[in-house]
Amino acid sequence: MPTVQSKKQQEDDVDPVLRFGFRILCSTALYPLEYAKTLIQESSTNEHDSDVDDDAEPGAVRKAVALLCGVIISHPFHVISIRMMAQFIGREHVYDGLFGSIKEIWKYEGIHGFFSGLIPRLWMHVSVITVTGAVTYLFNKYVGENKTIGGHVDTITHFTVSSIMYPYNVVSTCMAVQGSRLQAGHPPMMDHYINWQDCYARLRMSAEHKRGSGFFFRTVAQAPAKGAIRVPFPELK
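Under UniProt numbering, think of the first position of the sequence shown as 1, with each following residue one higher.
Laid out in structure tokens, this is it:
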């Protein structure tokens, strides 16, 4: 009996690790699709390197359009990957595969479920690319074109704006889980939000809008109270 229990415990410990690694691999494999804009930007730069001022605006538009298309196309897979990781909270097995996850979302939420949390994610990416492109363009125009310094300005600006807009990434993640059958998307694990604006306002009110943004000083969500009433969830298979 101890041997059987030990073996079962090892399987319970190893199985989540393998499933988590598979989900991270799938999620990472989708990033090239989202950032196809980089290839367009590089090809445009190589072809029109001598006409920076004339091509700055069209290049920025192509970059923004490529980013929007990449985010929209990859978002259904982004939602699936988020929910695959969120189900670890309740140790559920709802989103165990790509086709099973698509069937689950389509059955209980319809087409809307595949685009949960899309608006704040789009807003974050568009803001980052717009501000970064504007600062880099103004720097090159009024300070002078220097590829080394310009690259540093672009990197610093991108990092700064991404940090400022990070709360919208948290909102997008919360809204991607909300609406599913997972315990992580329902009280007391997560409040019910009317829309993404309500989610942002309530996260900001509880100072949880930047959770996960720091490497060392991280925000820890408050645990549900002991006396909290919790409706038991049906067994999900």
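Glycine included, every Cβ here is placed at the ideal spot set by N, Cα and C.
Just so it is clear, the structure is predicted and the values come from calculations on it, not from any experiment.
Residue interval of the alpha helix (DSSP H) (run including residue i)
{"i": "Y108", "result": "L98 to Y108"}
{"i": "V94", "result": "Looking at the DSSP string, V94 is not in any alpha helix (DSSP H), and its letter there is neither H nor E."}
Residue burial classification, residue i (beta-carbon count within 10 angstroms, cutoff 16)
{"i": "M205", "result": "exposed"}
{"i": "G212", "result": "exposed"}
{"i": "E92", "result": "buried"}
{"i": "S81", "result": "buried"}
{"i": "W106", "result": "exposed"}
{"i": "N169", "result": "buried"}
{"i": "K103", "result": "exposed"}
{"i": "T132", "result": "buried"}
{"i": "Y193", "result": "buried"}
{"i": "A134", "result": "exposed"}
{"i": "L118", "result": "buried"}
Beta-carbon separation (whole angstroms), residue i vs residue j, contact threshold 8 Å
{"i": "G179", "j": "G113", "result": "6 Å"}
{"i": "P120", "j": "W196", "result": "5 Å"}
{"i": "I89", "j": "A184", "result": "4 Å"}
{"i": "R202", "j": "V94", "result": "Wrong, their Cβ atoms sit about 26 Å apart, outside the cutoff."}
Where residue i falls: helix, strand or coil (DSSP)
{"i": "H78", "result": "helix"}
{"i": "R211", "result": "coil"}
{"i": "Q197", "result": "helix"}
{"i": "M85", "result": "helix"}
{"i": "G151", "result": "helix"}
{"i": "P120", "result": "helix"}
{"i": "Q178", "result": "coil"}
{"i": "S206", "result": "coil"}
{"i": "N146", "result": "coil"}
{"i": "P167", "result": "helix"}
{"i": "V126", "result": "helix"}
{"i": "H192", "result": "coil"}
{"i": "H158", "result": "helix"}
{"i": "H112", "result": "helix"}
{"i": "L67", "result": "helix"}
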